[in-house]
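Trainee: Residue numbers (our numbering): 2 to 697. Backbone N, C-alpha and C fix where the C-beta goes; we use that ideal spot for every residue, glycine too. Given the structure is predicted, the values throughout are model-derived calculations rather than measurements. Sharing a structure with you now.
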Amino acid sequence: MSDTPSTSGIQLRNRRGPLAETVELLSSMRFAIALFVVIIFAAIIGTIVQQSQPMPNYINQFGPFWFEVFNKLGLYAIYSSWWFVSMCGLLVVSTTLCIVHNTPKMLKDMRSWREKVREASLNNFHHKAHWESPLSREQLAGQTAQRLGHAGYGTKVIEKDGAILVSAKRGAGNKFGYIFAHSAIVIILIGGMLDSDLPIRFQQWMFGKTAFGGTGLIADIPAQHRLGVHNPTYRGNIALPEGTAGNTAILPRPDGVLLQDLPFTIQLKKFDIDFYSTGMPKLFASHVTVRSNDSGKTVDAVVEVNKPLIFEGVAIYQSSFEDGGSKLKLLGYPMKGSATTTFGLDGEVNGTTKLNDEYTVEWSDFRPFNVENISGQDARAVTKGESLNESFSRSLDKQLGSAAKTAHNKDLKNVGPSVQYKLRDKTGQAREYQNYMQPVTIEGDTVFLAGVRANPSDPFSYLRIPADDEHSVREWMRLRAALQDPALRQKAAASYAARAMPQSKAGDTLRGQLEASALKGLEIFAGDTNGAGFFAISRFLEKVPQAEQTKAAEIFLKILNGSMWELWQAARAQDGKPAAAADEIHGRFLQLATNALSDSFFYGAPVYLQLDEFTEIKASVFQVTRSPGKTIVYLGCVLLVLGVFSMFYIRERRVWVWIKDGEGGTEALMAMSTQRKTLDFEQEFKELKEKLPQSA
2 MSDTPSTSGI
12 QLRNRRGPLA
22 ETVELLSSMR
32 FAIALFVVII
42 FAAIIGTIVQ
52 QSQPMPNYIN
62 QFGPFWFEVF
72 NKLGLYAIYS
82 SWWFVSMCGL
92 LVVSTTLCIV
102 HNTPKMLKDM
112 RSWREKVREA
122 SLNNFHHKAH
132 WESPLSREQL
142 AGQTAQRLGH
152 AGYGTKVIEK
162 DGAILVSAKR
172 GAGNKFGYIF
182 AHSAIVIILI
192 GGMLDSDLPI
202 RFQQWMFGKT
212 AFGGTGLIAD
222 IPAQHRLGVH
232 NPTYRGNIAL
242 PEGTAGNTAI
252 LPRPDGVLLQ
262 DLPFTIQLKK
272 FDIDFYSTGM
282 PKLFASHVTV
292 RSNDSGKTVD
302 AVVEVNKPLI
312 FEGVAIYQSS
322 FEDGGSKLKL
332 LGYPMKGSAT
342 TTFGLDGEVN
352 GTTKLNDEYT
362 VEWSDFRPFN
372 VENISGQDAR
382 AVTKGESLNE
392 SFSRSLDKQL
402 GSAAKTAHNK
412 DLKNVGPSVQ
422 YKLRDKTGQA
432 REYQNYMQPV
442 TIEGDTVFLA
452 GVRANPSDPF
462 SYLRIPADDE
472 HSVREWMRLR
482 AALQDPALRQ
492 KAAASYAARA
502 MPQSKAGDTL
512 RGQLEASALK
522 GLEIFAGDTN
532 GAGFFAISRF
542 LEKVPQAEQT
552 KAAEIFLKIL
562 NGSMWELWQA
572 ARAQDGKPAA
582 AADEIHGRFL
592 QLATNALSDS
602 FFYGAPVYLQ
612 LDEFTEIKAS
622 VFQVTRSPGK
632 TIVYLGCVLL
642 VLGVFSMFYI
652 RERRVWVWIK
662 DGEGGTEALM
672 AMSTQRKTLD
682 FEQEFKELKE
692 KLPQSA
């Protein structure tokens, strides 16, 4: 008796190696779907989070903690992050393995007639039919094959032992849908990766290319920050003022920019822009001359939106437009102290101008047209029946309100030219300003808008300076300077007390008390250790018992309004101007002026710069793109459409007819199958069941 252990009745499985297990995992449907889900979520994140922006923008948006977290995850350049590229690469490998594994079997099945079926197996089909015919086996087989051919089927007649099998098939090409669709995924991913910044990343990793984070002339930037003209793929911008030329594009990176040398030079001869009646751009186009740096070939063309110029394999798109260095002349008004002397200031967009020893002006932008939504924005002064804190908050919200707060209103108007600049002090701190050249009418009030913001990501808040009778800011500036003059404040307080309490109606004591109260109100409003404007008044009235604050506020504001009127008249008299008429128009002006004075303490600028003259110089922004993967992606899209169409609209049907001798002639058994049973299939089976048994 043998000592060898018995294996009878036991089936042993062959153990596969690690390579086979890995290939099976990569080619599995579950693995591919998991990769798809990760890529889809990554694409959603990449859509929500703006890509390749300057790092300070992300810090301002997310804060230091989440900035670091998202930076580690590569969310600021998600489409070129190592894990996203790895997911795409794995999906290419997985899909390719699926194609390699399944395509030969599918092609073999498409060519197969499945002629090994037997009569017993056909009887097990759900869709089957029996009939008898007086024709011989050969005749019936020929007739059946002919009728199936008329119905669009390919047929093959196979001799069996004592029988004939007619095998027919139709729609076998639907398997091309699987092949095309899966091939399309691979092709699109490869094309997409070719057009991504992977080649640029590769040059940074292997050849030491680094982003440039400084400033200076493009020609002076070192070679390690430049990409050669043979760079296979890139997408950058080049901005050209009218009459200038350039051959270097800017590629934004999270930590700076890379410079892309172009194989040609673009010259902007003229930039045309057309506007709607509201001032919004309707059409803009660039008249350019492009010259090849190698061959000297020159092409004149007009580049418009959605009408790019293709030159030496590079697409030149009309991206946008901006200022190209417009020449500006401005008039400066002091915003601090009691001085009223104005001064002239020249500027050039994208340049700087020294304002004084403390400040430098950095000219950011000039716009000849501004379409703003200004309906629904009113300018209210402090009214009765509400606390000063509430009215101050409301006043600040309205007077320094963000234009974005009315974004849903459809009342858009062109409010004329504007200039945008930054005031930077000696410590490097800067605030940004946007001043409009012309006054605008808001809720019936004509005001000059002076925008300010502390951070580039914030919307502008607007100080609204009321226009005077000459549609200028001079009267408001006169009142502002008078408020900071102690002598004029004293004179205004005395005039108010004398007007409110004439000599015949009050004693010197009461009039003196009123004069002191008026002077105190002007001093508080002008600014002290508790601030200035309505905010300082609200802080002052906090000392009053809670029950008496409302009444005290009413009295205080009445005295302030009267004192401000007298202050205005005193300032006009000092400058040799006649007294303003005491009518409703000038009363409204004083009310708006008082509100603007209160808000001006938050304006934060030593001067107000009003645009006086300008010479516009337009610049066109082009996007230059070299995308070798574009054609590949288009091919993939065509295959994807064909694949989806094949899978959904081409149905494979198989028909077998088993013909054998019978008692009175021949007997036929028909069976039919399909991958998807639909109403059309049922109808087709019914028609074949009726048509095939018919006598010739």
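1) Go ahead and pull the three-state DSSP assignment for Ser95.
2) Tell me, which residues are paired with Gln485 by DSSP?
3) Are the CB atoms of Leu241 and Leu252 within a distance shorter than 7 Å?
4) Would you mind working out which of Asn371, Ala580, Gly338 and Ser327 sits nearest Gly711, comparing C-alpha positions?
5) How is the beta strand (DSSP E) around Glu74 delimited, first residue to last?
6) What's the C-alpha gap between Asp275 and Pro457?
7) Tell me which same chain residues have a C-beta within less than 7 Å of the C-beta of Pro369, skipping the five on either side of it?
8) Determine, using beta-carbon pairs with one atom in the stretch 227–235 and one in the stretch 661–678, whether at least three such pairs fall under 8 Å.
9) Whole-angstrom Cβ separation of Leu542 and Phe526, contact assumed at under 8 Å?
10) Near Gly325, which residues of its chain fall below 7 Å by C-beta distance, leaving aside the five closest residues on each side in sequence?
11) Under a three-way DSSP split, which group does Val642 fall into?
12) Residue ranges of each alpha helix (DSSP H) run of no fewer than 4 residues wholly in the stretch 82–166, ordered along the chain?
13) For Leu591 and Met565, which I take to be in contact (beta-carbon distance under 8 Å), what is that distance rounded to the nearest angstrom?
14) Once the 5 residues before and after Glu116 are set aside, which same chain residues still bring their CB inside 8 Å of it?
15) How would you label Val642, buried or exposed, when you count the other beta carbons within 10 angstroms and need 16 or more for buried?
16) Just to confirm the assignment, what range does the beta strand (DSSP E) spanning Asp469 have?
17) Please name the residue or residues paired with Met673 in a DSSP beta bridge.
18) I need the straight-line Cα distance from Lys73 to Ser365, nearest angstrom please.
19) Quick check on Asp681: buried or exposed, where buried means 16 or more other Cβ atoms within 10 Å of its Cβ?
20) Is Leu332 near Gly348, with beta carbons less than 7 Å apart?
21) Bridge partners for Tyr437 per DSSP, in chain order?
22) Does the beta-carbon of Asn248 have 16 or more other beta-carbons within 10 angstroms, so that it is buried, or is it exposed?
23) How many Å lie between Val291 and Asp301 at the Cα?
24) With C-beta atoms as the reference, is Thr266 less than 7 Å away from Ala250?
25) Rounded to a whole number of angstroms, what is the C-alpha to C-alpha distance between Asp273 and Phe322?
26) So for Glu359, helix, strand or coil by DSSP?
27) In the DSSP assignment, what residue or residues form a beta bridge with Asn238?
28) Hey, quick one: how far does the beta strand (DSSP E) through Gln268 stretch, first residue to last?
29) Let me know the secondary structure DSSP gives His231 once reduced to three states.
30) With distances taken Cα to Cα, identify the nearest neighbour of Lys161 among Glu139, Phe181 and Tyr179.
31) Measuring alpha carbon to alpha carbon, tell me which of Ile560, Leu610, Ile79 and Ala212 ends up nearest Glu433.
32) Would the stretch 172–184 count as touching the stretch 644–652 if we require 3 or more Cβ pairs under 8 Å?
33) Helix, strand or coil for Pro19? Go by DSSP, reduced to three states.
34) Secondary structure at Leu515, three-state DSSP: helix, strand or coil?
35) Write down the C-beta distance between Ser293 and Gln319 rounded to the nearest angstrom, noting that I regard them as a contact closer than 8 Å.
36) So the beta strand (DSSP E) Pro335 belongs to, where does it begin and stop?
Mentor: Taking the geometry as given:
1) helix
2) For Gln485, which the question treats as bridged, DSSP gives no partner whatsoever.
3) no
4) Any answer about residue 711 is impossible in this case: the structure gives the chain only from 2 up to 697.
5) Sequence check: residue 74 is Leu here, not Glu. Unbroken run through Leu74: none, as it is neither H nor E.
6) 29 Å
7) Pro418 and Glu617
8) no
9) Leu542 to Phe526, Cβ: 12 Å. No contact.
10) Pro242, Glu243, Ile618, Lys619 and Ala620
11) helix
12) 83–112, 120–124 and 138–151
13) 6 Å
14) Lys157, Ile159, Leu166 and Ser168
15) exposed
16) Asp469 -> no beta strand (DSSP E), and no H or E assigned at all.
17) His128 and Val656
18) 33 Å
19) exposed
20) no
21) Ser419
22) buried
23) 6 Å
24) no
25) 10 Å
26) coil
27) Ile251 and Gln624
28) Gly257 to Phe276
29) coil
30) Glu139
31) Leu610
32) yes
33) helix
34) helix
35) Actually they do not touch by this definition, with Cβ atoms about 21 Å apart.
36) Lys328 to Pro335
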